[in-house]
Amino acid sequence: MPQETKKPKILVVDDEQVHRYMLTTLFSEWDWDSAEADDGRTAVAAVEEGPYDAVLMDVRMTTMDGMEALREIHAINPAIPVIIMTAYSSVDSAVAAIKQGAHDYLTKPLDFDRLRETLEVAMGHRRQSEAPSVSGEPFGEDDRIIGASESMQNLWDMILHVAPTEATVLITGESGTGKELIASALHYKSHRAEGPFIKVNCAALTESLLESELFGHEKGAFTGADRRREGRFVQAEGGTLFLDEIGETSPAMQAKLLRVLQEHELQRVGGQETLSVDVRILTATNRDLEKEVEQGNFREDLFYRLNVVVLDVPALRERKGDIPLLSEYFFKSFAEKNNRQVAGITPECMDVLGRYPWPGNVRELENAIERGVILMRGEYLDISGLPLTIQRWADKNAPEETAEPATLKEAEKALILKTLDETGGNRSEAARRLQITRKTLLNKLKSYEEQGR
Ligand SMILES: Nc1ncnc2c1ncn2[C@@H]1O[C@H](COP(=O)(O)OP(=O)(O)OP(=O)(O)O)[C@@H](O)[C@H]1O
Ligand SMILES: [Mg+2]
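In our numbering, the protein residues as written are 29 to 481.
Right, dumping it as structure tokens:
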């Protein structure tokens with residue numbers, strides 16, 4: 029029996045007629061419907077008129093540009109997926125479009141398989157082939173980013189979006205949240221993956237050492253410089269340079285970095301020769317750079333150069349849902365590494381891990397589990413295997429004793445109150461989750477109130 033499927037309808041927005049013709053012809057070959065608009069304004073009018081399943085739009089057009097049209101289209105219909113087309117050289121505008129709510133972007137010249145896949149994903153006809161990780165998408169040989177929380181999934185989604193571009197990315201977050209791991213994912217998911225990935229910790233060196241580390245030096249540039257040395261920028265040629273703790277650099281260093289970022293050129297310390305470099309820059313900081321700019325500690329122009337895309341990694345205590353997953357992952361990998369026969373983490377221990385605030389974030393959790401695995405006597409990691417500071421914290425912060433509900437009515441009440449708590453008091457949502465009508469829920473709440481009085 030032939031299946032009744034509605035043909036998708038795509039609005040093609042491009043100021044070049046040839047391009048529109050090519051796309052609409054392609055769509056009709058796929059048995060899709062399409063309509064054309066030759067600029068942003070006509071596109072907005074078309075969206076106002078009739079339903080479209082997706083909009084495929086060039087960013088740079090003469091009358092109304094794509095970005096403005098994107099905003100207006102979403103003002104009319106926020107649900108309509110808009111896919112941006114851009115020249116390879118202007119991916120920065122594509123990144124900006126994604127931030128503005130574009131569904132995805134494609135670079136010109138278009139790859140038709142990718143075009144079809146992207147449109148199908150956008151219209152919900154197909155599952156995304158590279159779905160955000162549920163629990164740790166591998167990106168390097170042994171590297172994976174673990175995290176099922178919504179914030180980590182969004183972050184992973186952003187990583188996949190931004191990695192293939194040339195955009196400079198600023199990674200922010202508290203110490204130990206995984207900034208370096210994210211930098212390396214950005215590199216290994218990029219077109220530069222085959223090239224070098226070089227890391228420099230800007231806080232670990234004095235200003236003059238950092239300068240020669242980054243830019244290299246000529247023989248005799250300073251005492252002890254007995255031969256010419258190439259710097260990290262040159263070593264990272266064709267690859268990625270990750271500047272960690274960028275917030276710690278001096279004003280003079282910031283000026284030099286700005287020049288490389290703007291001109292892709294540098295000179296060795298003590299040298300005259302100008303070297304040009306092809307390097308993508310990623311940076312990280314646990315400082316609030318915007319505040320540092322306000323206080324005059326960080327150059328505003330450099331900040332804007334680095335701030336093209338910001339990936340903020342949430343503290344572990346803000347995504348406690350990831351703790352069990354991370355703990356299991358570290359537990360298994362350290363057991364393997366240390367040839368330990370293990371069975372698991374006890375529920376009591378997991379409970380403490382899940383409640384502890386982890387000021388040192390994932391690194392602290394990783395260290396605690398590693399230590400636990402090494403010191404383990406039996407097959408289970410128990411509270412007694414955790415570092416003393418955490419054990420003491422657990423003693424002081426025992427969970428409040430709540431009496432177990434004894435009757436069905438009490439259990440029902442407890443579940444209702446818990447669900448309301450989880451939905452932030454949203455009664456309709458709570459009723460939906462409990463699979464009862466809103467009216468039933470309101471009646472029950474009323475009876476609890478009466479009992480309480
Ligand atoms: N989501 C994660 N999945 C797996 N391992 C993680 C994750 N986040 C962090 N880690 C691990 O935790 C440790 C700390 O991470 P990382 O060094 O990337 O943090 P950081 O933010 O750069 O810290 P700092 O600001 O102190 O330099 C690393 O061993 C890293 O592999
Ligand atoms: Mg780091």
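Here a beta-carbon is modelled for each residue, glycine too, at the ideal position from N, C-alpha and C.
- Under the three-state reduction of DSSP, which class applies to V46: helix, strand or coil? helix
query: What are the start and end residues of the beta strand (DSSP E) that includes K227?
result: 225-229
| Are the CB atoms of T508 and L409 nearer to each other than 8 Å? | Because the chain spans 29 through 481 in this model, residue 508 falls outside it and cannot be assessed.
task: Pick out whichever of A211, E398, R99, L443 has its Cα sitting closest to the Cα of Q463.
output: L443
Between the CA atoms of K227 and G298 - distance to the nearest angstrom: 23 Å
Reduced DSSP secondary structure (H/G/I, E/B, other) of Y332
helix
Determine the extent of the alpha helix (DSSP H) in which I199 is found, giving its start and end residues.
No alpha helix (DSSP H) contains I199, which is instead part of the beta strand (DSSP E) from 197-200.
Note to self: Please report the straight-line C-alpha distance between R99 and M50, rounded to a whole angstrom.
What the structure shows: 26 Å
Three or more beta-carbon pairs under 8 Å between the segment 36-51 and the segment 64-83, yes or no? yes
Point to revise | Classification of K467 by the beta-carbon crowding that lies within 10 angstroms, buried from 16 upward | key: exposed
I'd like to confirm the pairing. Which residues does DSSP put opposite T417 in its beta bridges? Per DSSP, none; premise fails for T417.
CA-CA distance, L147 and H131?
-> 10 Å
### Task
Return helix, strand or coil for L233, following the three-state DSSP convention.
coil
- Give me the Cα-Cα distance between E392 and S475, rounded to the nearest whole angstrom. 47 Å
(Q) Are the CB atoms of A211 and F270 within a distance shorter than 8 Å? (A) yes
If you draw a straight line from the C-alpha of K500 to the C-alpha of L381, how long is it? In this structure the chain extends from 29 to 481, so residue 500 is not present and cannot be described.
*In the DSSP assignment, find the unbroken alpha helix (DSSP H) run with Y216 in it and report its ends.*
207-216
So S179 is in the alpha helix (DSSP H); what residue range does that whole segment cover? 178-190
- prompt: Among E320, E265, G78, which one has its Cα closest to the Cα of P279?
  reply: E320
Quick check: the Cα distance between V22 and L285, rounded to an integer number of angstroms? Because the chain is modelled from 29 through 481, residue 22 falls outside the range shown and cannot be assessed.
- request: Go ahead and label V46 buried or exposed: buried means 16 or more other beta carbons lie within 10 angstroms of its beta carbon, across all protein chains shown.
  value: exposed
Along the chain, where does the alpha helix (DSSP H) that runs through M281 open and close? 279-291
query = Between L354 and ligand 1, is the CB less than 7 Å from at least one heavy atom?
reply = yes
**Message:** How far does the beta strand (DSSP E) with M113 in it extend, from its first residue to its last?
**Reply:** 110-115
**Q.** Contact check, L334 vs I274, beta carbons under 8 Å
**A.** yes
Next on the checklist: Given the structure, does E392 come close to ligand 2, in the sense that its CB is under 7 Å from one of the ligand's heavy atoms?
Outcome noted: no
**Message:** Check this for me: beta carbons of I173 and K217, under 8 Å apart or not?
**Reply:** no
Got a sec, what are the start and stop residues for the beta strand (DSSP E) R345 sits in?
Per DSSP, R345 belongs to no beta strand (DSSP E) and is neither H nor E.
Discussion item. Quick check: what's the CA-CA separation for S203 versus L416?
Written reply: 21 Å
**Message:** ligand 2 and A312: does the residue's C-beta get closer than 7 Å to at least one heavy atom of that ligand?
**Reply:** yes
Where does F250 fall in DSSP's three states? coil
At a threshold of 7 Å, does D171 count as lining ligand 2 (C-beta to nearest heavy atom)? no
Check: On the three-state DSSP scale, how would you describe K37?
Finding: strand
For this session: Might you give, ordered along the chain, the residues of its own chain that have their beta carbon closer than 7 Å to the beta carbon of A231, omitting 5 neighbours on each side?
Result: E273, E276
At which residues does the beta strand (DSSP E) containing L147 begin and terminate? Segment 140-150 is the alpha helix (DSSP H) holding L147; no beta strand (DSSP E) there.
Original post:
Rounded to a whole number of angstroms, what is the C-alpha to C-alpha distance between L310 and L198?
Top reply: 6 Å
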